[in-house]
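Below you'll find the structure, written out as structure tokens, and then a few comments.
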Amino acid sequence: MSVKKGNLSINTDGIILRSSEGAREMLGFSEDELSGAALTSLAVSAEAVTDLIGAARSSGAVKVSQASLRRKGSEPLAVYLSVHPLKDRANELYAFLVLVSTAKTAEVPGILSEGFQRMFRFSNDAVAVTDKAGNIMDVNQSFLDTYGYAREELLGKNPRVLKSSHSTKELYERMWKDILDPAKGFWRGEIINVTRDGKEVPVLLSINAVKDDSGEIMNFLGIAFNMTGQKEHERLNRMYIDHIVHDMRGPLTSIMTSTELLLMQLGGSITDRHRKRFESLLSGAQKLSSMTSDILDFSRAESGVLTLKKGRVSFQKVLKDAVQPFQSSEKKLVLNGSPYREDAVPDKELLADEDKLQRIIYNILSNAFKHAASEVRLDTSFTDQGLSITVTDDGKGISAIEAERIFDAFYQTEEGIKTGGAGLGLSIVKSFVEHHGGSVWVEPGKDGGITFGFSIPA
């Protein structure tokens, strides 16, 4: 005979606040019929149940006893009642959780263990326990502080009362797919919830399926870390970086334009030695300007505020603009197997953010020209799936270990350190490509050189 089990939440006066589906099936009553009823009204011996609750109250510990409960339209049912006192941070009793089972051997859920209850009470994170139907059984004080509810307002409710407009149907589908996956059983991610008064709260949420010894889901445990302070810190940090970059760009632009103007005006009247100094000044200012742009883009990508302005863009224009800074290089650029010519650039259109696509190509080319010995090969391919580009240099190459970290922010190879830069260019490439829904890869050459590639949907 299978063991039947369920649970009832009662307040300190013994009034039923909520009931699990299992308890309702055992007793034959509906949720509305049980809510607000005294637990003693279900007992054949009200005195025995009163004594059991009193013993749990006075001892502060779990008490178990046999009882006979009335069933709607049927004979009374012999059960075991386990009464678990629930206490807040101040060690004040606020409710009881009553486990109802037809067998004494039914295990006590881990969520009622002494260790869990201690963590539950004193955790600074918002913690909620639901039954397997997703209805809230209990929440801790941090949960109440975070969302502004009274405990009585939440018991028996579904956590969707916290749902914000940011949480999509697709998000919940992915979430529950992971939670109900027997091989995984949990989900973790950042979401935005709303408080009782409608204020948005960013949280790092983890939801775990709590199972019994047979692997059956008994409860769900949700733990939310309030990220409001962290998000505010990120916002201030982003503002600080924006101000620094803005304040640097003005002088840098002035240096570059003034230097270019001087070179034009002086023409052939200056010596090669002085010309090289001016060109070195211009090159340094351009490099610093590029680094400030990298820092700004990286900051926005890391803080999650990077947005794409997608539209139909001309690939020919994007590639021409990306290649232009390298056309005066002594190193040769090869496009699709032939020396680069502007009229050889494929005349195609695709859906993308024009500025960011240009930046992707520019950053990869910049890395290639820094490390190439004499030649950089750029290959393009358009298919029904989208655009793919590979860029290959004929330099010294990198090891497989270096390749694994090459897209990490601030990572630089020994050769890369010599050429300067902030170590953000390829990290930004990866971020921009992924924001387009694409992928990026790297392939070290067997005899030197390295190939970077990316693909994005058209």
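First residue of the sequence shown: -17, per the working numbering; consecutive thereafter.
Don't be surprised by glycine CBs; every beta carbon is placed ideally from N, CA and C.
Check your understanding: When you compare only the Cα positions, how much space is there between E425 and S311?
Key -> 24 Å
Notebook entry, point to check: Is F364 helix, strand or coil when you go by DSSP?
Noted result: strand
Next on the checklist: Does K412 come out as helix, strand or coil in the three-state DSSP assignment?
Outcome noted: helix
### Message
According to DSSP, is H353 part of a helix, a strand, or is it coil?
### Response
helix
Practice problem: Measure the C-alpha to C-alpha separation of A25 and L51 and round it to an integer number of angstroms. | Solution: 5 Å
Inter-residue Cα distance where the pair is T128 and F104: 14 Å
* To do: Give a yes or no on contact between the region 341 to 352 and the region 235 to 242, applying the rule of three or more CB pairs nearer than 8 Å.
  => no
Nearer than 8 Å: is that true of the beta carbon of R341 relative to any heavy atom of the ligand ADP?
With respect to the ligand ADP, the structure shown offers nothing to examine, as it has no ligands at all.
Count the other CB atoms, across all protein chains shown, that sit within 10 Å of the CB of P439; report buried if there are 16 or more and exposed otherwise. exposed
request  = Just tell me which of G407, I388, I371 and F389 has its CA closest to the CA of F436.
outcome  = I371
> For M119 versus R0, is the C-beta distance shorter than 9 Å?
Replying inline: yes
Identify which residue in K45, T(-6), K193 and G319 has its Cα closest to the Cα of R359. G319
Hey, out of G431, R100 and K45, whose CA is closest to L79's CA? K45
If F297 and E331 are in contact, beta carbons under 8 Å, what's the gap, nearest whole angstrom? 7 Å
Are the C-beta atoms of V422 and some chain D residue less than 9 Å apart?
This model lacks chain D altogether; it includes just one protein chain.
Determine the extent of the alpha helix (DSSP H) in which V300 is found, giving its start and end residues. F297 to V305
| DSSP state of N208, grouped into three classes? | strand
Which value, in whole angstroms, describes the spacing of the CA atoms of A28 and G211? 51 Å
**Message:** Can you check which of these residues, S(-16), L244 and T433, is closest to S196 by C-alpha distance?
**Reply:** S(-16)
Span separating the alpha-carbon of S83 from that of V121: 23 Å
Practice prompt. Run through the region 113 to 165 for me and flag every whole beta strand (DSSP E) of 3 or more residues, listed as ranges in chain order.
Written response: 118 to 121
task: Can you grab the Cα-Cα spacing for the pair P184 / G171, in whole Å?
output: 11 Å
* To do: Decide if the region 141 to 150 is in contact with the region 160 to 179; the criterion is three or more beta carbon pairs, one per stretch, under 8 Å apart.
  => yes
Roughly how many angstroms lie between the CA atoms of S272 and M209, to the nearest whole one?
32 Å
task = Tell me where the alpha helix (DSSP H) around L288 begins and ends.
result = Counting along the chain, L288 falls outside any alpha helix (DSSP H), and DSSP gives it neither H nor E.
| said: Tell me the rounded alpha-carbon separation between S381 and Q394. | reply: 13 Å
Kindly indicate which residue of Y76, G10 and A43 has the alpha-carbon position closest to the one of S56.
-> G10
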